[in-house]
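Here is the structure we will look at, set down as structure tokens.
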Amino acid sequence: MAEILVLVDHVDGEVKKVTLELLTLARSLGEPSAVWAGPGYAADAKAKLAEYGAEKVYVADDADIADHVVAPKAELLAQLVGSASPAAVLIAASQEGKEIAGRLAVKTESGVITDAVGVDSDLTAELSIFGGGVNVKSRVKTGTPIIAIRPNSTAPEASQGAAAEERVTVSLSDSAKAARVVERVKQEKGARPELTEAAIVVSGGRGVGSADKFSVIEELADSLGAAVGASRAATDAGWYPHQFQVGQTGKTVSPQLYIAVGISGAIQHRAGMQTAKTIVAINKDSEAPIFELADYGVVGDLHTVTPQLTEEIKKR
Ligand code: FAD
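Have a look at this one:
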């Protein structure tokens, strides 16, 4: 069976959910091999990768990889593409993942597809283009297909793999060492899930009215175990931090459920959320463009509707 390489996303030795999604997807395309880059590889990580079907784990865990931003990961993958000749390489479509995918494509003279939301067994990928306005099917015809997949595109399903370990030494080129990480600042890990990985996202827009009133959004999010997002109007107004902005110039999310509260649905906002499986909108204007996209809509004042919704959810 064809080997499919999956680059593992990990933080503090913990495998991120998106990797489990990619391994699940990889199983429908061939035989998944996980690629671990950087320090922190241990028994727990190996067990997790095995649980989601990794038949092999390539481990390159020297500190040099973590010390030099993204280039070493692209070099490691290029080395493996050369030695293992996989049928495809799957990478999470995070900011870092997309950069790695681009660099890897150049190094291996291969085609690259980013922001895929699905891949068929013949490696045809479905993806969002033009800021999310159009969905197309694409297939790489040159080299090894390199496909960056959006988080939450596949539901992770366990299936035991052998996770046979193979140690890899990557010889970094001078250019890979050009940029060095000088400091890592750990972000406060809140109780909420990470925005780009969350299964449910509740976002607030200009309609929320002020920074204080964002508590309405947070309370609804917390009742659902969701992440909080915001439109650019809300982040530009300083009501919510920029790191939570969803859209063309913010983060791209693809959750199972996206609740847009007091958001009009501008094209630039849609670009970051329209691949959500189910979209719910709360807006006082029945003509707001977000309703064209929404599966369910409530026309009403968000300050009345949202707390009622939160109360109802808390009862269940
Ligand atoms: P508005 O468009 O002002 O909509 C507010 C909505 O709230 C309205 O529909 C209104 O009916 C409703 N409302 C008001 N009060 C209430 C209430 N009490 N109850 C219920 N509903 C209420 N935007 C992004 O979001 N993300 C991006 O990444 C992004 N990138 C951009 C990049 C570029 C190059 C440009 C030009 C723009 C970008 N924008 C982005 C901005 C985008 O065009 C919109 O201006 C922005 O999305 C509007 O945010 P909003 O929907 O919160 O505000």
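Letter by letter, the sequence shown follows residues 374 to 689 of the working numbering.
Don't be surprised by glycine CBs; every beta carbon is placed ideally from N, CA and C.
None of the values given here were measured: they were computed from a predicted structure.
Shorter than 7 Å, the distance from the beta carbon of residue i to the closest heavy atom of the ligand FAD, or not?
| i | result |
| --- | --- |
| Ile464 | no |
| Ile590 | no |
| Thr651 | no |
| Gln621 | yes |
| Ala661 | yes |
| Leu675 | yes |
| Ser753 | In the structure as shown, the chain starts at 374 and stops at 689, and residue 753 therefore has no counterpart that could be examined. |
| Ala600 | no |
| His642 | yes |
| Asp470 | Inspection of the sequence shows that residue 470 is occupied by Gly rather than by Asp. Because no heavy atom of the ligand FAD lies under 7 Å away, the Cβ of Gly470 does not count as near it: no. |
| Asp488 | no |
| Lys657 | yes |
| Gln629 | no |
| Arg579 | yes |
| Arg605 | yes |
| Gln616 | no |
| Gly386 | no |
| Gly534 | no |
| Gly645 | yes |
Relative to the C-alpha of residue i, which candidate in the options has its C-alpha closest?
| i | options | result |
| --- | --- | --- |
| Ala637 | Pro614, Ala606, Ile486, Gly563 | One detail in the question is off: residue 637 reads as Ser in this sequence, not Ala. The shortest Cα separation from Ser637 among Pro614, Ala606, Ile486, Gly563 belongs to Ala606. |
| Glu570 | Gly635, Gly534, Arg400, Ser467 | Ser467 |
| Glu413 | Val507, Val388, Ser406, Leu395 | In the sequence under discussion, the amino acid at residue 413 is Gly, which differs from the Glu named in the question. The shortest Cα separation from Gly413 among Val507, Val388, Ser406, Leu395 belongs to Val388. |
| Glu376 | Gly455, Asp488, Glu660 | Gly455 |
| Ala594 | Glu469, Gln452, Pro445, Lys687 | Lys687 |
| Glu656 | Gln641, Ser576, Val391, Val384 | As written in the sequence, residue 656 is Asn, which differs from the Glu given in the question. It is Ser576 whose Cα lies nearest to the Cα of Asn656. |
| Asp488 | Glu472, Ser494, Ala610 | Glu472 |
| Ala465 | Thr517, Ala416, Ala407 | Ala407 |
| Phe587 | Val653, Phe617, Gln621 | Phe617 |
| Ala658 | Arg689, Arg579, Gly645 | The displayed chain sequence assigns Asp, not Ala, to residue 658. Asp658 has its Cα closest to that of Arg579, out of Arg689, Arg579, Gly645. |
| Ile438 | Val541, Thr392, Ile502 | Val541 |
| Val626 | Trp612, Tyr613, Ala599 | Ala599 |
| Val443 | Ala474, Ala416, Asp434, Val574 | Ala474 |
| Pro459 | Glu404, Asn508, Ser494, Leu422 | Glu404 |
| Asp585 | Lys559, Val574, Asp382, Trp612 | Trp612 |
| Ser596 | Ile632, Thr515, Leu450, Gln621 | Ile632 |
| Val384 | Lys559, Thr517, Ser583, Val432 | Lys559 |
| Val574 | Arg557, Leu666, Glu469, Met646 | Met646 |
| Ala644 | Val490, Ile502, Glu556 | Ile502 |
Is the beta carbon of residue j closer than 8 Å to that of residue i?
| i | j | result |
| --- | --- | --- |
| Val462 | Leu398 | no |
| Ala572 | Pro529 | no |
| Asp668 | Thr679 | no |
| Leu380 | Glu448 | no |
| Ala498 | Ser483 | no |
| Ile486 | Leu500 | yes |
| Lys642 | Val554 | In the sequence on display, residue 642 carries His and not Lys. Not a contact, by the Cβ cut-off of 8 Å. |
| Ala536 | Lys390 | no |
| Gly635 | Leu682 | no |
| Ala649 | Leu630 | yes |
| Ala410 | Lys446 | yes |
| Leu402 | Val492 | yes |
| Val619 | Arg565 | no |
| Gly670 | Phe664 | yes |
| Gly563 | Glu428 | no |
| Gly426 | Leu396 | yes |
Could you tell me the alpha carbon to alpha carbon distance between residue i and residue j, rounded to whole angstroms?
| i | j | result |
| --- | --- | --- |
| Ser532 | Gly386 | 21 Å |
| His615 | Ile522 | 23 Å |
| Gly623 | Ala603 | 9 Å |
| Val513 | Lys480 | 15 Å |
| Glu424 | Ser526 | 19 Å |
| Thr677 | Pro662 | 21 Å |
| Ala457 | Glu684 | 54 Å |
| Ile640 | Gly506 | 8 Å |
| Val430 | Glu660 | 52 Å |
| Val543 | Ala551 | 16 Å |
| Ala610 | Leu453 | 46 Å |
| Val496 | Arg476 | Per the sequence shown, residue 496 should be read as Leu rather than Val. Leu496 and Arg476: Cα-Cα distance of roughly 20 Å. |
| Glu538 | Ala436 | 19 Å |
| Ala549 | Arg400 | 31 Å |
| Val581 | Lys421 | 41 Å |
| Glu591 | Met374 | 47 Å |
| Val589 | Glu567 | 19 Å |
| Ser583 | Ala416 | 47 Å |
| Asp434 | Thr515 | 30 Å |
| Glu469 | Val509 | 23 Å |
Per DSSP, what are the beta-bridge partners of residue i in this structure?
| i | result |
| --- | --- |
| Arg476 | Looking at the DSSP assignment, Arg476 forms no beta bridge with any residue, so it has no partner. |
| Pro405 | Ile377 |
| Ser576 | Gly602, Ala633 |
| Tyr431 | Val408, Glu539 |
| Ala465 | Ile522 |
| Tyr613 | DSSP output for Tyr613 lists no bridge partner at all. |
| Ile502 | Val507 |
Under a CB-based cut-off of 8 Å, is residue i close to chain C?
| i | result |
| --- | --- |
| Asp547 | Among the chains in the structure shown there is no chain C, since it carries only a single protein chain. |
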